[in-house]
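Throughout, our numbering is defined as the position within the sequence shown, counted from one, plus 59. All C-beta atoms in this analysis are idealised placements derived from N, C-alpha and C, irrespective of residue type, glycine included.
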Amino acid sequence: MKPSILLRIGSAISLLHFVGHTAGIPWTPSDDPGSTSVLSAMKSYRFDVTGVERTYWDFYLGFGLIISVYLLIQALALWQLGTMSRKDATSVRPLTALFGFGSVANTILAWKFFFSVPLVLAIAVSLCLGLALTAARTMHPSEETSPTKARI
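Put into structure tokens, the structure is as follows:
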């Protein structure tokens, strides 16, 4: 399979992960009394962080939103790499590898700390990027499309 297709598939999976993650705001698994008391404590306990008063809830919500932003950026970047790989697949290998290493790290963290849906999505993106990296290495210049065909 061509690297451009694999990168676009990885992009689509990343976009799906972004949508699912963002739709889950505020990422609280249940409304039972135990969860409610933990959330209440997270929202009420204030402390100083380099001169700014924050709560654990601020960190929890903020980090969750940051992850959503990065998932969207990853989806857009992988789409662009797919476009760029049509002209010269080997030139996008360093960025594909960088995103691939990040995705493998994400897979390990999802396995360790989360549940099956983010794990499956992380595995799928890692596989797409690994295959794209391999396909770009083995692709001959004659298989690459001309610059006029490389537009979106």
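Return the chain-ordered list of same chain residues with a C-beta closer than 7 Å to the C-beta of residue i, the five sequence neighbours on each side being excluded.
| i | result |
| --- | --- |
| His80 | Ile126, Ser127, Leu130 |
| Ser162 | Ala181, Val184, Ser185, Leu188 |
| Ser144 | Pro62, Ser63, Leu66, Val151, Ala195 |
| Ala156 | Leu192 |
Sorry if obvious, but does the Cβ on residue i come closer than 7 Å to a heavy atom of the ligand NAP?
| i | result |
| --- | --- |
| Leu180 | Summarising the ligand content, the structure contains no ligands, and the ligand NAP is consequently not present. |
Starting from residue i, trace the alpha helix (DSSP H) in both directions and tell me its first and last residue.
| i | result |
| --- | --- |
| Val108 | Note, Val108: premise wrong, no alpha helix (DSSP H); beta strand (DSSP E) at 105-108. |
| Thr81 | 62-82 |
If I measure Cβ to Cβ from residue i and keep anything under 8 Å in the same chain, skipping five residues before and after, which residues do I get?
| i | result |
| --- | --- |
| Trp138 | Leu66, Arg67, Ser70 |
| Arg152 | Leu192, Ala195, Arg196 |
| Thr87 | Ser94, Leu98 |
| Thr114 | Met101, Lys102, Ser103, Tyr104, Arg105, Phe106 |
| Glu112 | Arg105, Phe106 |
| Leu75 | Leu180 |
| Met60 | Leu190, Ala194 |
With residue i and residue j assumed to form a contact (beta carbons below 8 Å), what rounded beta-carbon distance in angstroms separates them?
| i | j | result |
| --- | --- | --- |
| Ala134 | Phe77 | 6 Å |
| Leu120 | Pro85 | 6 Å |
| Ala169 | Ala181 | 5 Å |
| Leu124 | Leu140 | Contact doesn't hold; Cβ gap of about 25 Å is too wide. |
Given residue i, which residues of its chain have a CB within under 6 Å of its CB, disregarding the five upstream and five downstream residues?
| i | result |
| --- | --- |
| Pro177 | Ala169 |
| Thr166 | Ala181, Ile182, Ser185 |
| Gly149 | The displayed chain sequence assigns Thr, not Gly, to residue 149. Same-chain partners within the cutoff: Ala195. |
| Trp116 | Met101, Lys102 |
| Gly110 | none |
Discussion item. Check whether the segment 183-198 and the segment 63-79 touch, using three or more Cβ-Cβ pairs below 8 Å as the test.
Written reply: yes
Item to complete: For the segment 100-187, list the beta strand (DSSP E) runs that are entirely contained and at least 3 residues long, ordered along the chain.
Response: 105-108, 111-114
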